[in-house]
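A.B. asks:
Numbering (the working numbering), first residue to last: 3 to 416.
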């Protein structure tokens, strides 16, 4: 029994201030969701119809080949930062099945299935060739702003808030008025004159929440979540990068996944509506530790939809071949190393530059948040060489405590 309890217990909560690596544990995402719920109760038999309807949701969260868990983590983070209940992170399950490119024949589009009018009212850019509703970054920022407004309007009652999100705030306000009570005294299930879809909305979200709570009782499901998951962020790429393929190559990310996560760039080209740089949902390069990810133009898109014009523009952008830029960066790094007057051997002793020193191969134990880029940069080697030497590939996720060879067994250093 003690062993079972230990297996089912959630992992220790990470310190957000110190946990900014490119991945995080999937169980940490789930625990953040659970901790942020306004209503954690799950009485037996709750919303049995909707529990059956959404029965596959926990399986999708656990599936390694599904983008759902990293996307879910991104939305949960946005809501927690806004001090909103994480029940709202379940809305995209109902609206789009958590598919950023979802389109409805009746007009709504994107992760949050916004109609065009709602999107424009909440500052989602929509221009020819660019529909910001298909950007999980811009649509989530807009949805969180809207939910924040509704949450305040309806006295912090998440049930009234989600009904207003579905039907519009004025319909729900009128229903409250018809009931003759204040918002604080109104029960969501006492409202009349609303559609069946709106009245069922609360039951749907609560059923989803309870499905996950019950899945929490199954060790197999929790074990499936216990894996490294990409930590997604809203990234504004440097102006010289104009395609997802180039950015994926630069940051060693999966270009196919980036395309799936960012259907607003359906042809792979990073469109910049109105001369501004549109945000990309990806692992932040600063977390990966890729070269050139510092103050050279890379930034995280925070509460604003776009950075200010002073942050940079992309006048007369031509096609860029990133391999040339990368080669130049590596050449500069190699040159800087060659010009160093002294070099330290593995025992900390210095030798004059130009002399080869026989030394034992260097080794490194992977620490929390480290990856191939950061480790390679630390030792002045190429990430590709580091991975090859250790029999790894670009998609390998390094684990804390993992031992890596930095040099081949017979190599010397200058």
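Glycine residues also receive a C-beta, built at the ideal position from the N, C-alpha and C atoms.
Only counting the same chain, and skipping five residues up and downstream in sequence, which positions put a Cβ closer than 6 Å to that of residue 141?
C.D. replies: Here the set comprises 112, 113, 114 and 135.
A.B. asks: By alpha-carbon positions, which one of 178, 260, 277 and 156 ends up nearest to residue 270?
C.D. replies: 260
A.B. asks: Report the residue from 285, 275 and 162 whose alpha carbon sits nearest the alpha carbon of residue 126.
C.D. replies: Comparing alpha carbon positions, the residue from 285, 275 and 162 closest to residue 126 is 275.
A.B. asks: Alpha carbon to alpha carbon, how far is residue 175 from residue 184? Give it in angstroms, no decimals.
C.D. replies: 10 Å
A.B. asks: With which residues is residue 232 paired in a DSSP beta bridge?
C.D. replies: Per DSSP, 25.
A.B. asks: For residue 164, which residues from the same chain have a beta carbon less than 8 Å from its beta carbon, with the 5 sequence-adjacent residues on both sides left out?
C.D. replies: 89, 90, 93, 203, 204 and 207
A.B. asks: Can you tell me whether residue 43 is buried or exposed? The criterion is at least 16 other CB atoms within 10 Å of its CB, across all chains shown.
C.D. replies: exposed
A.B. asks: How about residue 196 and residue 178: do their beta carbons lie closer than 8 Å?
C.D. replies: no
A.B. asks: Excluding five sequence neighbours on each side, which residues of the same chain lie with their C-beta closer than 7 Å to the C-beta of residue 35?
C.D. replies: 78, 88 and 91
A.B. asks: State the DSSP-derived secondary structure class of residue 208, mapped to helix, strand or coil.
C.D. replies: helix
A.B. asks: Sort out for me which residues DSSP pairs residue 41 with in a bridge.
C.D. replies: Beta-bridge pairing links residue 41 to no other residue.
A.B. asks: Looking only at C-alpha atoms, which of 289, 221, 239 and 74 sits nearest to residue 99?
C.D. replies: 74
A.B. asks: Look at the Cβ atom of residue 146, then the Cβ atom of residue 80, and state whether they are nearer than 8 Å.
C.D. replies: yes
A.B. asks: Grouping DSSP H, G and I as helix and E and B as strand, with all else coil, what is residue 284?
C.D. replies: strand
A.B. asks: If distances are taken between C-alpha atoms only, which option among 188, 392 and 155 comes closest to residue 408?
C.D. replies: Among 188, 392 and 155, the Cα nearest to that of residue 408 is on 392.
A.B. asks: At which residue ranges does the region 132-181 contain complete alpha helix (DSSP H) runs of 4 or more residues, listed in the order of the chain?
C.D. replies: Listed in chain order, the alpha helix (DSSP H) elements of length 4 or more contained wholly in the region 132-181 are 138-155, 160-169 and 171-181.
A.B. asks: Would residue 128 pass as a contact of residue 144 if the rule is Cβ separation under 8 Å?
C.D. replies: no
A.B. asks: Put residue 111 into one of helix, strand or coil per three-state DSSP.
C.D. replies: Reduced to three states, the DSSP call for residue 111 is strand.
A.B. asks: Measure the alpha-carbon distance for residue 104 versus residue 187 and round it to whole angstroms.
C.D. replies: 37 Å
A.B. asks: Does DSSP put residue 405 in a helix, in a strand, or in coil?
C.D. replies: strand
A.B. asks: Are the Cβ atoms of residue 272 and residue 375 separated by less than 8 Å?
C.D. replies: no
A.B. asks: In chain order, what residues of the same chain have a beta carbon less than 6 Å from the beta carbon of residue 200, not counting five sequence neighbours either side?
C.D. replies: 165, 168 and 169
A.B. asks: Which residue from 248, 244 and 283 puts its Cα closest to that of residue 277?
C.D. replies: It is 244.
A.B. asks: If distances are taken between C-alpha atoms only, which option among 209, 255, 268 and 28 comes closest to residue 137?
C.D. replies: 268
A.B. asks: Can residue 28 and residue 161 be called in contact, C-beta distance under 8 Å?
C.D. replies: no
A.B. asks: Between residue 413 and residue 39, what straight-line distance do the alpha-carbon atoms span, to the nearest angstrom?
C.D. replies: In this prediction, residue 413 scores a pLDDT of 41, lower than 50, which makes its location untrustworthy; no coordinate-derived value is stated.
A.B. asks: Helix, strand or coil for residue 200, going by three-state DSSP, please let me know.
C.D. replies: helix
A.B. asks: How is residue 410 classed by DSSP in three states: helix, strand or coil?
C.D. replies: coil
A.B. asks: Whole angstroms are fine: how far does the CA of residue 390 sit from the CA of residue 381?
C.D. replies: 15 Å
A.B. asks: Compute the Euclidean distance between the alpha carbons of residue 63 and residue 130, then round it to the nearest angstrom.
C.D. replies: 34 Å
A.B. asks: On the criterion of 16 or more Cβ atoms from any shown chain inside 10 Å, does residue 211 qualify as buried, or is it exposed?
C.D. replies: buried
A.B. asks: In its own chain, which residues sit with a C-beta less than 7 Å from the C-beta of residue 257, not counting the 5 before and 5 after it?
C.D. replies: 246, 247 and 250
A.B. asks: Considering only C-alpha positions, which residue in the set 365, 231 and 157 is nearest to residue 421?
C.D. replies: With the chain running from 3 to 416 in the structure shown, residue 421 is simply not present.
A.B. asks: Between residue 346 and residue 379, what straight-line distance do the alpha-carbon atoms span, to the nearest angstrom?
C.D. replies: In this prediction, residue 346 scores a pLDDT of 36, lower than 50, which makes its location untrustworthy; the coordinate-derived value is nonetheless stated afterwards. Straight-line Cα distance between these residues: approximately 16 Å.
A.B. asks: In whole angstroms, give me the CA-to-CA distance for residue 221 and residue 72.
C.D. replies: 21 Å
A.B. asks: Could you tell me if residue 367 is buried or exposed, where buried requires 16 or more neighbouring beta carbons within 10 angstroms of its beta carbon?
C.D. replies: By the 10 Å Cβ count, residue 367 comes out exposed.
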